[in-house]
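Remarks on the structure that follows.
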Amino acid sequence: MVRTPKDPVGRNAAEVAQSRALRSQSYRDARAEYERIRALREVSPIAAHLRERRFELGLTQAEVAKAAGTSHSAVSRLEKGTHIPQLLTLQRIAAVLDEELLVCFQRTVDGEVEHELAAVA
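Residue 27 in the numbering used here sits at position 27 of the sequence shown; the count goes up by one each step and never skips.
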């Protein structure tokens, strides 16, 4: 079998990603955004999740804010991990992102961790 220079067989994931990055600005932008989301996940998993979901849906912060009935700055602060919104606001933002907000209660009984999940109504 003769391999052409464009044949991906035998290349590792890093090489394939590098070649995509060289061809596509949108790929580079998406990759950079996911890097920022991964870093944010260390600081605030909620902020990272909301930012990632908004990015997946192709929505701007302003669009999410308007649909959720809150301000653009509130969504921006939430996605930076510097703001904890009221539960009702977080529920409305989750609905805009086509998700349901759940609350988890956790306790340890006899060394076993127990979780109780409940939807925010």
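For each residue, glycine too, the CB sits at the ideal point set by N, CA and C.
Computed from a predicted structure; not experimentally measured.
Where the alpha helix (DSSP H) through residue i begins and ends
i, result
"Thr-89", "87-96"
"Asp-29", "25-43"
"Ser-71", "Neither: Ser-71 is in no alpha helix (DSSP H) and is coded neither H nor E."
Terminal residues of the beta strand (DSSP E) in which residue i lies
i, result
"Ala-121", "Where Ala-121 is concerned, there is no enclosing beta strand (DSSP E), given that its DSSP letter is neither H nor E."
Minimum C-alpha distance to residue i - residue among the options
i, options, result
"Leu-102", "His-83, Thr-82 and Arg-92", "Arg-92"
"Leu-50", "Glu-79, Cys-104 and Lys-66", "Glu-79"
"Ser-44", "Ala-30, Thr-108 and His-83", "His-83"
"Phe-105", "Leu-97, Glu-116 and Glu-112", "Glu-116"
"Ala-67", "Ala-47, Ile-46 and Leu-90", "Leu-90"
Euclidean distance between Cα positions of residue i and residue j
i, j, result
"Ser-19", "Phe-55", "23 Å"
"Ala-13", "Asp-110", "45 Å"
"Gln-86", "Val-75", "12 Å"
"Ala-32", "Ala-65", "23 Å"
"Glu-99", "Leu-22", "35 Å"
"Glu-63", "Ala-95", "13 Å"
"Ser-71", "Arg-53", "18 Å"
As assigned by DSSP and simplified to three states, the class of residue i
i, result
"Phe-105", "strand"
"His-83", "coil"
"Arg-3", "Model confidence at Arg-3 stands at a pLDDT of 49, short of 50, so the residue's coordinates are unreliable and nothing is read from them."
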